[in-house]
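These notes concern the structure reproduced below.
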Amino acid sequence: MNKPSSRRLVAALLILDSIGVGLALLAAYWLRIASGLLPERAFEEFAVYLRASALIVPIFLLIFAFNNLYDTRLMRGGLAEYVQLAKSFLYGIVAMIVLSYWVRIATLSRGWFLLVFVIGLLLVGGGRFLVRRALSLIHRRGRLRTRMLIVGANEQGQAIARQFRAAAGAGVDVVGFIDDFLPPGAPVPLDDGAATLRVLGGPDRLHDVARQNQVDEVVLVSNAVAWETFQEIMQRLSVSPEQAPFEIKLSPGFYEILTTGVQVTQLANVPLLLVNRERITGPDKALKSGLDYGLGLLNLVVAAPLMALIALVLRLTSDGPVIEGHRVLACGGGEFTTWKFNTGLGETPRPRFTHPLALAEGNQGATGAAQRVTGVQRFLYDSGLDKMPQLLNILRGEMSWVGPRTVSVGQVALHSLWLPNLLTVKPGITGPWAVGWKRTLDEEMRVTMVYIRNWTIWLDLQILAQTALRVLRLERDKARLPER
Numbered sequence: 002m003n004k005p006s007s008r009r010l011v012a013a014l015l016i017l018d019s020i021g022v023g024l025a026l027l028a029a030y031w032l033r034i035a036s037g038l039l040p041e042r043a044f045e046e047f048a049v050y051l052r053a054s055a056l057i058v059p060i061f062l063l064i065f066a067f068n069n070l071y072d073t074r075l076m077r078g079g080l081a082e083y084v085q086l087a088k089s090f091l092y093g094i095v096a097m098i099v100l101s102y103w104v105r106i107a108t109l110s111r112g113w114f115l116l117v118f119v120i121g122l123l124l125v126g127g128g129r130f131l132v133r134r135a136l137s138l139i140h141r142r143g144r145l146r147t148r149m150l151i152v153g154a155n156e157q158g159q160a161i162a163r164q165f166r167a168a169a170g171a172g173v174d175v176v177g178f179i180d181d182f183l184p185p186g187a188p189v190p191l192d193d194g195a196a197t198l199r200v201l202g203g204p205d206r207l208h209d210v211a212r213q214n215q216v217d218e219v220v221l222v223s224n225a226v227a228w229e230t231f232q233e234i235m236q237r238l239s240v241s242p243e244q245a246p247f248e249i250k251l252s253p254g255f256y257e258i259l260t261t262g263v264q265v266t267q268l269a270n271v272p273l274l275l276v277n278r279e280r281i282t283g284p285d286k287a288l289k290s291g292l293d294y295g296l297g298l299l300n301l302v303v304a305a306p307l308m309a310l311i312a313l314v315l316r317l318t319s320d321g322p323v324i325e326g327h328r329v330l331a332c333g334g335g336e337f338t339t340w341k342f343n344t345g346l347g348e349t350p351r352p353r354f355t356h357p358l359a360l361a362e363g364n365q366g367a368t369g370a371a372q373r374v375t376g377v378q379r380f381l382y383d384s385g386l387d388k389m390p391q392l393l394n395i396l397r398g399e400m401s402w403v404g405p406r407t408v409s410v411g412q413v414a415l416h417s418l419w420l421p422n423l424l425t426v427k428p429g430i431t432g433p434w435a436v437g438w439k440r441t442l443d444e445e446m447r448v449t450m451v452y453i454r455n456w457t458i459w460l461d462l463q464i465l466a467q468t469a470l471r472v473l474r475l476e477r478d479k480a481r482l483p484e485r
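Numbering (our numbering), first residue to last: 2 to 485.
Below is the structure:
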């Protein structure tokens, strides 16, 4: 389904959900209070409930959004959508109760809350059921269909293609296969009586074939392609998302090597894993963004005059530019420029192994043409104050306070094994790599993968506290320092 169609679908759902929640609030008031069918008590006037409802409807819509109920990629997941809807209504009722006390309306009927939950779930769930049926009818008429390319023409890939072609209401058109072992043009027998599908190319032509055939989704079939092929596809998707304007979904088998950045979805009763471009989503993303922007704005008050003073001192005491810009990889792919004060002590890549001779040779090579380093520059590096300009990257939404170390565009090959996972979160000014002694790149990546997989807001706060102690002690991670 193309993006304009998806936006129209989301707009329709927002309208239907607003109507459903609004009607549930009114119907619950009539049934519990105005109808006289249930025992009467001293209730607030209708105007009080109406004012509360005006706040409650947008709150419910926000909760629906946080629970991915407007993600059109996950709408066709069957029962899972209704489970999420029930959870969202439960959260909404809790929010209603909190709101009623916050605005000092403590006498709103508890029976009204219960009826809103039941009636709202029926109305909104029924509306979404009708939307599903309408979409299925539209799909059967050949409109708003998803064009799919399957990577892997083995038996599992053929079975998936047959399942999609048999379920016309799912709205999927399989345009062909990409395969490691069959030549382009080779027919792939499906034995379903429909037109024969063919291999459209090898994995090296995946992006070209997808663009030529206006593909919306690509399904990678487990055990149908070589590991190197899968790694290459995921790496290109991570580094150059503009070259891959399609969704990547995995049939079961590959998700274990990712940092839990997948969501289970179903299409025509085929279980698929949707690869998220971001590891942190929904309420967790709101918490992390709140921490980033909140701390960023607070620090800006102190940082602005201090950065001006540091820039002046560097201009007067050292050679070269005051601030250095580096092109690094962004979350979800692409690039951006990150900034640091020029200390003359730029970080060099860690070696993969810990052999002392290799470490010594690496350091010597890094310092062959090192510039003169002043005491001010050394202090800025050791204290971490050289990273202060990266506050602007945080406020622009490009970086986080806590995350993986930035990966420069010149280090793509060095980090290729981990890029599909590293680029699911924003790079950080600090991170797990900054609060422990990691002598090799493998060790750093190991702790970074643990951080990404097990992220919580409390883990970020813990790392920030540990970083603050290291800054006060001037204990910056020196494993990357070239010899002075």
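Where is the CB? At the ideal position from N, CA and C, for every residue including glycine.
TODO: Return helix, strand or coil for residue 204, following the three-state DSSP convention.
DONE: helix
Task: Same chain, Cβ closer than 8 Å to residue 411, five either side skipped, listed in chain order - done: none
Task: Limits of the beta strand (DSSP E) - the one that residue 401 falls within - done: 401–403
Open item on the list: Could you pull the DSSP bridge partners for residue 173 from this structure?
Closed with: 147
Open item on the list: Quick check on this structure: which residue in 23, 211, 120, 435 has the alpha carbon closest to the alpha carbon of residue 466?
Closed with: 435
TODO: Quick one: give me the first and last residue of the beta strand (DSSP E) that residue 113 is part of.
DONE: Run containing residue 113: none in the beta strand (DSSP E); it sits in the alpha helix (DSSP H), 111–141.
Open item on the list: Whole angstroms are fine: how far does the CA of residue 162 sit from the CA of residue 269?
Closed with: 10 Å
TODO: Flag this pair as yes or no: are the beta carbons of residue 180 and residue 200 separated by less than 8 Å?
DONE: yes
- [ ] Tell me where the beta strand (DSSP E) around residue 273 begins and ends.
- [x] 271–276
TODO: Please list, in chain order, all residues of the same chain as residue 388 whose beta carbon is under 7 Å from its beta carbon, the five residues on each side excluded.
DONE: 341, 430
Task: Length-filtered (4 minimum) alpha helix (DSSP H) runs lying within the stretch 19–80 - done: 47–67
TODO: Tell me whether residue 373 is buried or exposed, calling it buried when 16 or more other Cβ atoms sit within 10 Å of its Cβ.
DONE: exposed
Task: Spatial distance of residue 101 from residue 109 (CA atoms) - done: 7 Å
- [ ] Rounded to whole angstroms, what's the CA-CA distance from residue 112 to residue 170? Just pull it up for me.
- [x] 40 Å
Open item on the list: Between the alpha carbons of residue 145 and residue 151, how many angstroms are there, rounded?
Closed with: 19 Å
Task: residue 470 to residue 231 span [Cα, whole Å] - done: 42 Å
TODO: With a cut-off of 8 Å on the beta carbons, I'd call residue 425 and residue 248 a contact; round off their distance for me.
DONE: With 8 Å as the limit, residue 425 and residue 248 do not qualify as a contact, their Cβ atoms being about 15 Å apart.
Open item on the list: Need the endpoints of the alpha helix (DSSP H) that residue 380 sits in, please.
Closed with: 376–384
Open item on the list: Taking the beta carbon of residue 428 as the centre, do at least 16 other beta carbons fall within 10 Å, making it buried, or is it exposed?
Closed with: buried
TODO: For the stretch 285–303 and the stretch 397–412, state whether three or more C-beta atom pairs, one from each stretch, are separated by less than 8 Å.
DONE: yes
TODO: Starting from residue 471, follow the alpha helix (DSSP H) in both directions and report where the run begins and ends.
DONE: 458–473
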